[in-house]
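*Asks:*
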Amino acid sequence: MQKKVLISGSTGQLGSELKSISSDYNDFEFIYKNRAELDLSDCKKIQEVFSNNKFDYFINTAAFTAVDKAETEKESCFDINAHSLKTIVKYCNPECRIIHISSDYVYNINPGRPLQEDDITKPLGIYAQSKLQGEESLLKERENSIILRTSWVYSEFGHNFVKTMLRLGESKDKLSIVSDQIGTPSYAREIAKCIMVIIQKIEENEDTHDYGGIYNFSHKGSTNWADFAREIFRLNKINCEVENTTTAAYNAPAHRPLWSVMSMLKVEKTFGIKIKDWKDCLQDCLSRLS
Ligand SMILES: NC(=O)c1ccc[n+]([C@@H]2O[C@H](COP(=O)([O-])OP(=O)(O)OC[C@H]3O[C@@H](n4cnc5c(N)ncnc54)[C@H](OP(=O)(O)O)[C@@H]3O)[C@@H](O)[C@H]2O)c1
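Just so you know, we're using numbering that gives the first Met the number 0 here: the sequence shown kicks off at 0 and counts up by one.
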């Protein structure tokens with residue numbers, strides 16, 4: 000019998016990528032819910048979806064992701080990214096494995112090496128703090144949940160840096176872009192594939208392994224936003240000059256971590272996932288976009 004996989008945030012970047020790859024996974028029945036169908040700020044809606052159905056997996060891609068807007072919409076951001084997890088766990092059938100997506104923003108430290116899952120967290124800003132609280136609520140109530148911390152997400156779907164650069168690069172000769180934040184861009188299609196590898200591994204080893212906990216997931220290598228833009232323009236042969244600027248000069252409402260490079264050893268070792276180079280993944284996304 001097919002295992003039932005519920006996916007929230009089905010119109011977002013990751014939700015859309017999961018939809019796009021789902022036909023490769025015939026052992027699973029995917030049920031997609033958009034914001035109206037499973038609104039994480041609405042406890043009654045959460046109760047309705049989870050009390051009336053049983054799932055084998057719940058992939059929670061839905062989130063309040065507008066980092067700057069979160070600074071003025073604290074309550075809504077915490078309701079969606081943190082408080083909802085308590086309600087979900089309350090009504091979700093206990094056999095259901097929850098796979099939740101979190102963010103590099105929870106770390107906000109620079110230990111002088113790639114960030115590891117057991118490093119301390121010092122989130123600054125409403126979005127970052129709400130994401131950490133969401134993680135903590137979930138793991139406290141349901142230890143066998145899987146939390147994937149990812150960074151700098153882009154996709155052929157939705158709104159993201161890659162698509163913004165493609166648009167701006169065609170209409171402007173020069174752009175000023177922040178160059179003092181170091182991290183790794185993550186292709187949502189690869190995050191989606193990683194989630195499916197994790198689910199398959201759980202299916203294979205259900206009786207002997209628990210797997211619950213936090214895992215980083217991104218790609219090999221690192222860059223900064225200005226160089227990321229340069230690589231997009233180089234690959235798509237767009238003639239647009241990029242000038243470096245600083246986080247301080249950009250002066251966004253919400254704090255951004257300056258170091259977001261994560262170690263992927265744990266996810267590699269535990270699930271046998273091969274981590275690809277970020278530039279190869281970018282090339283793949285750009286090919287699909289064209
Ligand atoms: N984007 C990044 O750079 C980044 C980096 C690190 C971690 N993450 C995490 O990765 C996950 C996936 O992010 P993404 O990039 O796919 O985000 P996204 O494209 O912004 O999609 C978020 C989805 O959540 C939905 N949503 C918003 N409020 C909701 C609510 N109250 N109830 C239910 N759904 C709601 C949105 O619905 P609408 O389409 O109707 O707006 C959208 O479908 C999130 O947990 C995010 O925090 C993202």
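C-beta: ideal position from N, C-alpha, C; glycine also.
Taking only three categories from DSSP, how would you classify methionine 263?
*Replies:* Of the three classes helix, strand and coil, the one that applies to methionine 263 here is coil, per DSSP.
*Asks:* In the DSSP assignment, what are the bridge partners of isoleucine 97?
*Replies:* Note: isoleucine 97 sits in a beta bridge opposite Phe57.
*Asks:* Kindly indicate which residue of Arg96, Glu16, Cys95, Ser7 has the alpha-carbon position closest to the one of serine 40.
*Replies:* When only C-alpha atoms are compared, the closest one is Ser7.
*Asks:* Just the Cα atoms here: how many angstroms apart are serine 291 and methionine 0?
*Replies:* Nothing about residue 291 can be reported from this structure: the residues present for the chain run from 0 to 289 only.
*Asks:* When we look at the beta-carbon of serine 150 and count the other beta-carbons within 10 Å, is it buried (16 or more) or exposed?
*Replies:* Buried.
*Asks:* Please return the same chain residues whose Cβ sits closer than 6 angstroms to the Cβ of isoleucine 79, not counting the five positions on each side in sequence.
*Replies:* Excluding positions up to five away in sequence, the list reads Leu39, Ser40, Phe63.
*Asks:* Just reading off the alpha helix (DSSP H) that serine 136 is part of, what are its end residues?
*Replies:* Serine 136 -> alpha helix (DSSP H) spans 125 to 140.
*Asks:* Between isoleucine 237 and arginine 96, what straight-line distance do the alpha-carbon atoms span, to the nearest angstrom?
*Replies:* If you take the alpha carbons of isoleucine 237 and arginine 96, they lie about 44 angstroms apart.
*Asks:* Would the beta-carbon of threonine 222 be found less than 7 angstroms away from any heavy atom of ligand 2?
*Replies:* As presented, the structure is devoid of ligand 2, carrying ligand 1 as its sole ligands.
*Asks:* On the CB-based measure, 16 or more other CB atoms within 10 Å of its CB, does aspartate 279 come out buried or exposed?
*Replies:* Label assigned to aspartate 279: exposed.
*Asks:* Can you find the residues in the same chain that come closer than 6 angstroms, C-beta to C-beta, to leucine 114, ignoring five residues on each side of it along the sequence?
*Replies:* The residues are Tyr106, Met261.
*Asks:* Which value, in whole angstroms, describes the spacing of the CA atoms of proline 252 and aspartate 67?
*Replies:* Going from the Cα of proline 252 to the Cα of aspartate 67 covers about 5 angstroms.
*Asks:* Quick check on this structure: which residue in Thr60, Thr246, Ser144, Glu28 has the alpha carbon closest to the alpha carbon of glycine 212?
*Replies:* Among Thr60, Thr246, Ser144, Glu28, the Cα nearest to that of glycine 212 belongs to Ser144.
*Asks:* Would you mind working out which of Asp117, Thr163, His158, His82 sits nearest glycine 133, comparing C-alpha positions?
*Replies:* When each option's Cα is compared against that of glycine 133, the closest is His82.
*Asks:* What I want to know is whether the C-beta of phenylalanine 63 ends up closer than 7 angstroms to one or more non-hydrogen atoms of ligand 1.
*Replies:* True, at least one ligand heavy atom lies under 7 angstroms from that Cβ.
*Asks:* By DSSP's criteria, asparagine 215 is part of a beta bridge. Which residues make up the other side?
*Replies:* Its beta-bridge partners are Arg148.
*Asks:* Straight-line CA distance for isoleucine 201 to glutamate 135?
*Replies:* If you take the alpha carbons of isoleucine 201 and glutamate 135, they lie about 22 angstroms apart.
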